[in-house]
Amino acid sequence: MKYMYELDYNDLDIDKEKFMANLEELHYKEPRNYYYSLEAIFKRLGDLDDGENIASILDECKLIYENGIECGYGKFVFFSDTKQFFCENKEVILEYLDYIADGISDTEGYSLVDFICEYKEGKKYLEDFIYDPEENCGSLYNLLVWIYVQFMIDSLMEEDSEELLKGAIK
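Heads up, the numbering used here is the position in the sequence shown plus 113, with the first residue counted as 1.
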């Protein structure tokens, strides 16, 4: 078995429709249908609608997995982009981050706020947001989007490539 992060996407021609169908069939429907969020992430990394090979987008995902989203990929660089992404996907982002926070701690009462505060600058961004939400929402939204995208990409890259690419390699 090879994981998705182990593949060299430069040499692959992947059928986008088959790959997306395989992705939708997997556990990205649970605990909520995260497939649609992953599709939204892909659209920010490349042009899914313009016939771009999904392999180039998966290569970007691999780079995010290896280097971290904070290194600047796709349309996840500027506050305006991450704020827009947050606003468009707020419900699913917060639900997913709450799900992750709940799963990583055995501490009673551990919350999404506790989870965010563990990240560099997370506590500061929350405090700034409380005092002046309109002026300081960019940093907080950026952090939330980056955490969310990183977890989603990490999850994808740690999938069995044979399952996700079954029938999709041309």
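Heads up, the beta-carbon is just placed ideally off N, CA and C, and yes, glycines get one too.
Beta bridge counterpart(s) of residue i as assigned by DSSP
| i | result |
| --- | --- |
| Asp-273 | Tyr-116 |
| Ile-282 | Ile-127 |
C-alpha gap between residue i and residue j, whole angstroms
| i | j | result |
| --- | --- | --- |
| Arg-157 | Phe-198 | 9 angstroms |
| Asp-229 | Tyr-223 | As written in the sequence, residue 229 is Ile, which differs from the Asp given in the question. The straight-line gap from Cα to Cα measures roughly 11 angstroms. |
| Thr-220 | Ala-281 | 42 angstroms |
| Ile-213 | Asp-128 | 31 angstroms |
| Gly-187 | Gly-235 | 23 angstroms |
| Pro-246 | Leu-210 | 20 angstroms |
| Asp-124 | Ile-170 | 13 angstroms |
| Leu-269 | Glu-138 | 13 angstroms |
| Val-205 | Leu-257 | 12 angstroms |
| Asn-255 | Thr-195 | 5 angstroms |
| Tyr-118 | Glu-179 | 8 angstroms |
| Lys-175 | Met-265 | 12 angstroms |
Residue i burial status per 10 Å Cβ neighbour count (16 or more: buried)
| i | result |
| --- | --- |
| Lys-115 | exposed |
| Tyr-238 | buried |
| Gly-185 | exposed |
| Val-226 | exposed |
| Glu-173 | buried |
| Gly-216 | exposed |
Coil, strand or helix - residue i by DSSP
| i | result |
| --- | --- |
| Ser-268 | helix |
| Gly-187 | coil |
| Glu-240 | helix |
| Gly-181 | coil |
| Asp-160 | coil |
| Ser-169 | helix |
Any non-hydrogen atom of the ligand SAH within 7 angstroms of residue i CB
| i | result |
| --- | --- |
| Tyr-261 | Although the ligand SAH was asked about, the structure shown includes no ligands whatsoever. |
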